[in-house]
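Heads up: the protein sequence lines correspond to chains A and B, in order.
If you use this note's numbering, the first sequence closes out at 514, no skipped numbers anywhere.
If you use this note's numbering, the second sequence closes out at 614, no skipped numbers anywhere.
C-beta: ideal position from N, C-alpha, C; glycine also.
Predicted model, so just to flag it, every value in this text is computed and none were measured.
Let me begin by presenting the structure, written as structure tokens, before commenting on it.
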Amino acid sequence: MLAFIMRRLGILSVILFGSSFILYNMAAISGDPLADLKLSTDPNRDFLVASLTRELQLDVPPPARYFLWLKGIFGIFIGKPDFGMSRDGSTVAHSLALAIPVTIRLVLAATIFAIVLGIAIGIVTALRQYSRFDYSMTFVSFLMFSLPIFWVAVLLKEYLAISFNNFLREPNVPIGWIIGLAIFSGVFWASVIGGSRKTFWTAFGAAAGIAATIVSVFSLSGWFLNPGLGPIIITGMSVGIAYGVTQLSVGLINKAALKASLTMAGLSLVAYYPAQWVFDKHPGSLSVFIMACVTITIAVFVGLSFSKIDRAPIVRTTIITAVLSAGLVVVDKFMQTWKPYMETDAINYRPVPTIGQRSDLLDSPDYWIKSLDIATHLFLPTVALTLISFAGYIRYSRGTLLEVLNQDYIRTARAKGLTERTVIMRHAFRNTMIPLTTIMVVDFAGVIGGALITESVFGWSGMGTLFRQGLLGYDLNLLMGVFFITASLSVIANLVADLLYSALDPRIRVGGGA
Amino acid sequence: MKLNRSAKYAFAVAAAAALTVSLLTPAQAATRSTVILHETNPITGLNCGLSATNSTTCSAVSYIQGAGFNYYNNKKELVKNTVFGSYKITKKSATDFRVQYTVNPGRVWSDGTPIDAVDLLLSHVLSSDAYSIAAGLGDPKSKTAKPAFNGLGYSGVYSDNIVGEPVLSADKMSVTLQYKKPIANWDIYGPGPSPVHTLVLMAEGKTSLQSVSANQDAKDRFLAAYKSKDTALLKKIGKIWSEDYTITTVDSKTNPLLLVGNGGFILESAVAKTSVTLVKNPKYNSGPAMSGTVDKVVFKFIGDGTAAAQALANGELDVYAGQATADGVAALKKISSVNVVGTDQVAYEHWDLHYDTVVDEAPYTGLFSVKDGAKSKALRQAFLLALPRNEIMAKLIAPINGVTTPIASTWVAPGSAMYDKVTASNGSSFYSRGTQETRNASALALVQKFYPNALKSPLKVRVLVPGNNPRRASEFALAKANMAKVGFDLVGDVRTDWPSKLGNSDYDAYFFAWVASSVTQRQSAEVFDTNGGNNIIGYSNPAVDAIIATLDAPMSDALLAAKYIQIERLTNADAITTGVFIHPGVVAVNKDLKNVKPGPLSPQMVWNYWEWTY
């Protein structure tokens with residue numbers, strides 16, 4: 001095992017050396033940093049050229065200059081890596097330190113959404129293979145897969161930001177929209193639920209009716225200007241969550257798990273008003289974190305107290321229910337903040353922004369308003385990134401699950417008389433996750449590499465922006481700094497994926513003579 | 001599927017509950033007092049005098065933070081800022097030219113410290129090579145070591161002509177500069193104020209604002225160090241000046257000494273690569289009084305033009321500025337809440353024909369080489385005649401700003417009184433008379449005089465085409481199509497590294513834009529002077545050189561126009577270059593915001609920020 005890792009690390013450093021040498025030289029000969037000055041009519045142009053040549057060591061040929069750069073990087077071994085200075089006068093290390101958190105914030109949520117949503121839809125499409133739902137999701141996923149992000153971004157900004165903000169001036173949903181949304185909702189849920197023609201139309205009618213009612217009620221009540229859930233709805237939804245999670249996790253047949261989950265759902269009502277008090281009196285990430293810990297601790301105790309045998313799955317079910325129900329309380333708090341947020345001078349009733357990481361003018365000291373500001377700024381980039389990247393997960397998880405479902409051990413499980421839920425959730429789903437893990441790990445490493453175009457379109461300045469700046473500004477130190485981080489991470493991620501694979505799948509052993 | 005159904009029921013209940021929530025009426029929007037400006041490039045530091053931080057964004061931000069003796073308005077005129085101070089020529093002879101700059105009494109920095117002429121002395125340290133060497137701060141021209149003040153100001157007109165050091169008056173309110181001869185446009189080389197006391201305090205390790213008396217003492221220490229060329233203290237100050245201002249994040253932890261200024265607004269906060277926020281300077285009295293209602297200015301950095309236009313449509317920006325494309329302008333005009341203003345940029349597009357060998361390049365022996373005498377001259381004339389300038393204007397520029405006439409001078413920009421006078425008799429009419437058909441006919445005649453078969457076997461003209469630029473690609477295509485009619489076959493070499501290929505003997509023609517960052521008498525001199533730094537075509541004409549040599553002395557507009565006419569007559573007769581268009585820019589402004597008048601020269605949009613009002 002150790003030998004395997006050492007060997008891989010050795011190969012890794014050779015790859016990094018070779019690729020960085022090639023990139024450095026290609027970037028160096030790709031353009032002329034003195035180009036701007038050559039077009040200038042300044043009287044002291046020659047001085048400026050000489051001074052820039054001195055700053056960037058342009059008199060040293062690129063292959064030799066590469067080793068000057070490499071010398072700084074080797075400082076890693078004495079704990080003092082030197083990535084050099086970028087052309088804007090700051091150290092590259094400083095620029096990277098500023099950019100990495102921005103990039104993570106931008107891409108992390110979208111990556112998680114894409115994974116969860118992609119896998120969920122992928123599994124449903126596999127279970128409903130060759131159904132209307134399967135075909136339409138396949139169509140949608142390929143459509144999204146083939147759309148360029150900058151175009152998606154422009155459309156999202158136009159409709160979800162500019163038009164939605166205009167709509168908020170007089171938030172009455174037109175009748176045409178209500179009908180359209182109702183039909184869409186009806187078709188979607190009816191396809192997911194599937195079944196006979198009668199079931200289809202019942203589901204269609206119910207889903208369409210409910211959607212139409214909700215949208216009309218929202219429209220008439222001014223909900224878009226002052227949204228909120230309130231304790232009753234939260235309880236109702238929590239009960240729904242309790243049933244759903246229990247069904248997926250251990251099956252409704254497990255009465256202990258159901259009771260424990262329902263208890264947690266009930267507790268979310270009890271905790272609603274105390275939580276509001278904490279939110280208002282002690283706002284801050286710390287109190288939210290402490291409350292999350294308390295919620296999980298209570299969930300563990302509730303789960304333990306209801307269970308006699310089979311404790312772990314029940315506790316797990318309870319925790320998931322508790323976290324989701326508590327999440328509703330937090331969502332409710334954000335909804336309550338919506339109105340005061342819109343009323344601030346900085347927002348002025350145009351709450352969905354198209355650009356940036358936060359509002360420049362917002363000077364409210366309120367924790368919730370500031371958090372909501374960050375959330376609204378994350379909204380469009382997250383939607384855009386999720387839309388274009390979840391298609392891959394749909395296809396992967398669908399394909400893998402279908403393959404797994406044809407395995408002998410699934411037939412055996414069915415033959416044993418296990419419920420369909422157990423067969424799918426326990427036998428099939430877990431094995432589906434093994435190959436998906438590899439993709440996920442590599443995707444997470446790609447997160448740091450940034451989304452160059454997304455960042456540029458949404459005005460975020462993360463790693464992608466640095467890369468662009470390095471490339472277009474002939475800023476070799478900066479370019480190489482970004483490259484070094486992203487290349488190292490992706491090579492390491494591949495190594496981690498290999499190791500994880502062997503940990504998850506007992507059939508694969510790493511090292512051991514091979 | 002229980003989850004879905006439960007969720008549905010829950011939603012229904014939610015909806016019912018929401019019905020009971022009472023309707024809320026939106027509050028009235030407050031009167032706006034903030035201007036959010038769009039800049040394409042982020043600011044990289046607060047000191048624009050460094051090569052690392054020099055940018056148009058930096059100039060705009062520092063213009064708002066600091067007032068000096070003069071500024072460029074939107075008509076490219078240098079306006080005196082008489083609120084701050086005055087300047088005048090005190091002696092003028094062929095070998096002794098003195099100018100006195102006086103600061104009006106009572107002007108203060110944002111920390112309350114009075115401004116006097118000691119604050120003008122740093123300019124000399126930053127511009128004079130001789131002072132830098134004499135004070136032991138390093139030779140700015142050195143290829144190996146940086147000078148202590150690692151700035152961009154050295155080795156210019158100021159450094160070449162200054163005699164001795166600026167002389168401080170007894171009341172310390174004025175300085176007198178002595179130049180070795182009268183220099184043209186001396187008013188743009190004069191000193192600007194810098195809060196030298198803050199530099200001294202920072203060099204001494206202070207991290208907070210000090211009392212006015214302590215600031216005065218610090219200023220005295222600067223004066224002493226400046227006079228005695230105290231290398232140790234000046235080097236420390238130089239380090240602060242060169243390194244500490246390269247910050248892009250400003251918050252409560254930033255040393256407030258870095259933010260002292262005398263402009264209408266002072267820096268409040270900055271988020272790296274995202275935005276810079278400035279608030280009103282309550283002690284501002286160094287420039288025209290603030291007459292508007294704006295009390296906060298935010299610069300927001302958005303590189304992507306479409307993204308910025310959508311942000312403008314969504315009310316996240318008040319002023320959008322960008323390089324104009326026809327599609328972009330059309331999209332901006334569709335936004336109902338903004339006014340679209342066309343502007344001129346400082347770059348002018350032109351076509352140059354290779355004339356002779358350029359220094360450092362292989363000998364030029366191509367089609368247009370002057371060595372071929374009358375033949376190459378006829379070809380050059382034919383080329384410039386057949387260049388479809390009107391078509392380029394109509395198809396590429398008019399959709400943006402409506403301008404359909406190509407420029408007729410490469411020395412004076414359209415819109416000024418001098419332009420009409422110069423173009424009336426500078427010989428440019430030779431290339432613009434008649435229609436393109438008649439010009440094509442005379443061009444064909446000129447070509448066929450030497451190459452009767454030109455239409456059947458056209459002459460290859462090698463053109464350097466700047467890459468990554470759709471407008472220039474179209475420009476080249478239009479030129480190529482028309483040139484084919486007169487027997488030229490344009491062979492384009494599209495390169496992204498084209499600036500380093502200018503002057504290369506592999507090309508017969510170039511087209512690109514020169515960028516002028518200031519308006520001076522010498523204007524395009526470097527392009528046409530035999531030894532000029534921008535003379536990429538190897539042009540050499542003793543008569544032109546002789547006139548250019550006289551442009552260094554101050555003179556009246558009438559005389560200057562006469563000299564430009566003489567030069568352009570010669571260059572037009574030699575058929576070496578022709579201008580096409582001034583690069584168009586576009587600015588879109590929130591309809592409620594008044595008095596935004598963008599100008600072509602730095603500080604471009606913000607030059608009259610004190611008039612902005614809602």
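1) Three-state secondary structure (DSSP) at A:GLY10?
2) Closer than 9 Å between beta carbons: that is the criterion. Which residues of the segment 229-254 of chain B meet it against chain A?
3) Using a cut-off of 9 Å between C-beta atoms, extract the partners of B:LEU593 located in chain A.
4) Going by beta carbon distance, what residues of the same chain come within less than 8 Å of B:ALA117, once the five residues before and after it are set aside?
5) What does A:THR354 reach in chain B if we use C-beta pairs closer than 9 Å?
6) Give me the residue from B:ALA326, B:ALA331, B:ILE335 and B:GLY305 with the minimum Cα distance to B:GLY314.
7) What residues from the segment 321-351 of chain B come within 8 Å of chain A, judged by C-beta to C-beta, listed N to C?
8) Between A:GLY84 and A:THR486, what straight-line distance do the alpha-carbon atoms span, to the nearest angstrom?
9) How close, in whole Å, do the beta carbons of B:ALA307 and A:GLY118 come, if the pair is a contact with beta carbons under 8 Å?
10) Give me the Cα-Cα distance between B:LEU317 and A:VAL192, rounded to the nearest whole angstrom.
11) State buried or exposed for B:SER656, treating a residue as buried only when at least 16 other CB atoms are found within 10 Å of its CB.
12) Three-state secondary structure (DSSP) at B:THR20?
13) Given a threshold of 16 other Cβ atoms within 10 Å of its Cβ, counted over all protein chains shown, does B:TYR189 qualify as buried or as exposed?
14) Going by the CB atoms, is the gap between B:VAL515 and B:ILE392 shorter than 7 Å?
15) My assumption, with CB atoms under 8 Å, is that B:ASN595 sits in contact with B:GLY106. Please give the rounded CB distance.
16) Ordered along the chain, which non-local residues of its own chain (more than five positions away) have a Cβ less than 7 Å from that of B:ALA378?
17) Give me the chain A residues within the contact set of B:PRO499, using Cβ-Cβ distance strictly less than 7 Å, ordered along the chain.
18) Going by beta carbon distance, what residues of the same chain come within less than 6 Å of B:GLY261, once the five residues before and after it are set aside?
19) At a Cβ threshold of 7 Å, is A:LYS333 touching chain B?
20) Using a cut-off of 8 Å between C-beta atoms, extract the partners of B:ILE133 located in chain E.
21) At a CB-CB cut-off below 7 Å, which residues of chain B make contact with A:ILE162?
22) What in chain A is Cβ-close to B:ALA52, meaning under 7 Å?
23) Provide the residue span of the beta strand (DSSP E) that contains B:ASN608, from first to last.
24) Of all the options B:SER517, B:ARG98 and B:GLN381, which has the alpha carbon lying nearest to the alpha carbon of B:MET483?
25) Anything in chain B within Cβ reach of A:GLN357, meaning under 9 Å, just list it in chain order.
26) In the segment 148-169 of chain B, which residues sit with their C-beta less than 7 Å from some C-beta in chain A, listed in chain order?
27) Could you tell me which of B:GLY238, B:VAL99, B:ASP244 and B:LYS227 sits nearest to B:LYS181, measuring between CA atoms?
28) Go ahead and pull the three-state DSSP assignment for B:PHE368.
29) Counting Cβ pairs, one atom from each stretch, are 3 or more of them under 8 Å apart for the segment 149-161 of chain A and the segment 451-466 of chain A?
30) So the candidates are B:ILE536, B:PRO603, B:ALA561 and B:ARG522; which of them puts its Cα closest to the Cα of B:ALA184?
31) So which of B:ALA321, B:GLY366, B:LYS333 and B:LEU384 has the shortest CA-CA distance to B:HIS350?
32) Between B:ALA29 and chain A, is the shortest Cβ-Cβ distance under 7 Å, so that the two count as touching?
33) In its own chain, which residues sit with a C-beta less than 6 Å from the C-beta of B:THR57, not counting the 5 before and 5 after it?
34) Which of the three DSSP states, helix, strand or coil, is assigned to B:ALA27?
35) So A:VAL457 contacts chain B; which residues on that side make the cut at Cβ distance below 7 Å?
36) Of all the options A:LEU495, A:PHE164, A:SER461 and A:ALA126, which has the alpha carbon lying nearest to the alpha carbon of A:THR432?
The relevant details are as follows:
1) Counting from 1 along the first sequence, the entry for residue 10 of chain A is found at position 10. Reduced to three states, the DSSP call for A:GLY10 is helix.
2) SER242, GLU243, TYR245, THR246, ILE247, THR248 and THR249
3) The sequence position of residue 593 of chain B within the second sequence is 593, counting from 1. Residues of chain A passing the Cβ test: none, with the nearest at roughly 15 Å.
4) Position 117 of the second sequence holds residue 117 of chain B. Once the five neighbours on either side are set aside, the close Cβ partners of B:ALA117 are TYR101, THR102, VAL103, LEU168, SER169, LYS172, MET173, SER174 and VAL175.
5) For the purposes of this step, residue 354 of chain A is taken as the residue at position 354 of the first sequence. The answer, in chain order, is ALA307, GLN310, ALA311, ALA313, ASN314 and GLU316.
6) Residue numbering aside, residue 314 of chain B sits at position 314 when the second sequence is read from its first letter. Before going on, a small fix: residue 314 of chain B reads as Asn here, not Gly. Of the candidates B:ALA326, B:ALA331, B:ILE335 and B:GLY305, the one whose C-alpha sits nearest the C-alpha of B:ASN314 is B:ILE335.
7) none
8) As a position in the first sequence, residue 84 of chain A is number 84, starting the count at 1. As a position in the first sequence, residue 486 of chain A is number 486, starting the count at 1. If I take the Cα positions, the gap works out to 17 Å.
9) Stepping through the second sequence from its first residue, residue 307 of chain B is reached at position 307. Stepping through the first sequence from its first residue, residue 118 of chain A is reached at position 118. Actually they do not touch by this definition, with Cβ atoms about 27 Å apart.
10) In the second sequence, the residue the question calls residue 317 of chain B occupies position 317. In the first sequence, the residue the question calls residue 192 of chain A occupies position 192. Those two C-alpha atoms are separated by around 43 Å.
11) Outside the shown range of chain B, which is 1 to 614, sits residue 656 of chain B, and nothing can be said about it.
12) On the second sequence, residue 20 of chain B is found 20 positions in, with the first residue counted as 1. Any reading at B:THR20 is ruled out, since the residue's pLDDT is 40, under 50, leaving its predicted position unreliable.
13) Locating residue 189 of chain B in the second sequence gives position 189, counting from the first residue. Flag for B:TYR189 reads buried.
14) The residue given as residue 392 of chain B occupies position 392 in the second sequence. The residue given as residue 515 of chain B occupies position 515 in the second sequence. Not in contact: B:ILE392 and B:VAL515 (Cβ atoms no closer than 7 Å).
15) Reading the second sequence from its first residue, position 595 is the one you call residue 595 of chain B. Reading the second sequence from its first residue, position 106 is the one you call residue 106 of chain B. Contact flag wrong, Cβ pair sits at about 27 Å.
16) As a first step, residue 378 of chain B is located in the second sequence; it is residue number 378 there, counting from the start. Closer than 7 Å at the Cβ level, and outside the excluded window around B:ALA378, lie LEU446, LYS449 and PHE450.
17) In the second sequence, residue 499 of chain B corresponds to position 499, counting from 1. Near B:PRO499 (Cβ distances below 7 Å), the residues of chain A are ASP32, ALA35, LYS38 and LEU39.
18) As a working mapping, residue 261 of chain B is identified with position 261 in the second sequence. Cβ neighbours of B:GLY261 beyond the five flanking positions: GLN65, GLY66 and SER110.
19) Taking the first residue of the first sequence as position 1, residue 333 of chain A is located at position 333. Judged by the 7 Å Cβ criterion, A:LYS333 is not in contact with chain B.
20) Absent from the structure is chain E; the protein chains it does hold are A and B.
21) For the purposes of this step, residue 162 of chain A is taken as the residue at position 162 of the first sequence. The answer, in chain order, is GLN310, ALA313 and ASN314.
22) Within the second sequence, numbered from 1, the residue matching residue 52 of chain B stands at position 52. Here the neighbours are ARG87, ASP88 and GLY89.
23) Taking the first residue of the second sequence as position 1, residue 608 of chain B is located at position 608. First-last for B:ASN608: undefined, no H or E at that position.
24) As a first step, residue 483 of chain B must be located in the second sequence, where it is residue number 483. Answer by Cα proximity: B:GLN381.
25) Working through the first sequence from its first residue, we reach residue 357 of chain A at position 357. Neighbours of A:GLN357 on chain B, chain order: VAL271 and THR274.
26) If the cut-off is 7 Å between Cβ atoms, the segment 148-169 of chain B has LEU152, TYR154, SER155, GLY156 and VAL157 near chain A.
27) The residue given as residue 181 of chain B occupies position 181 in the second sequence. Of the listed residues, the one whose Cα sits closest to B:LYS181 is B:VAL99.
28) The sequence position of residue 368 of chain B within the second sequence is 368, counting from 1. B:PHE368: coil per DSSP, three-state reduction.
29) yes
30) As a position in the second sequence, residue 184 of chain B is number 184, starting the count at 1. When only C-alpha atoms are compared, the closest one is B:ARG522.
31) The residue given as residue 350 of chain B occupies position 350 in the second sequence. It is B:LEU384.
32) Within the second sequence, residue 29 of chain B is the residue found at index 29, counting from 1. Any reading at B:ALA29 must be qualified, since the residue scores a pLDDT of 45, below 50, and its modelled position is unreliable; no value is offered.
33) Indexing the second sequence from 1 puts residue 57 of chain B at position 57. Contacts found: GLU39, ASN41 and ILE43.
34) Looking up residue 27 of chain B in the second sequence gives position 27. Low per-residue confidence applies at B:ALA27: pLDDT is 38, beneath 50, and the placement is therefore not dependable enough to give any value.
35) Within the first sequence, numbered from 1, the residue matching residue 457 of chain A stands at position 457. By Cβ distance, chain B contributes ASP304 and ALA307.
36) On the first sequence, position 432 is the one that residue 432 of chain A refers to. Measuring from the Cα of A:THR432, the nearest candidate turns out to be A:ALA126.
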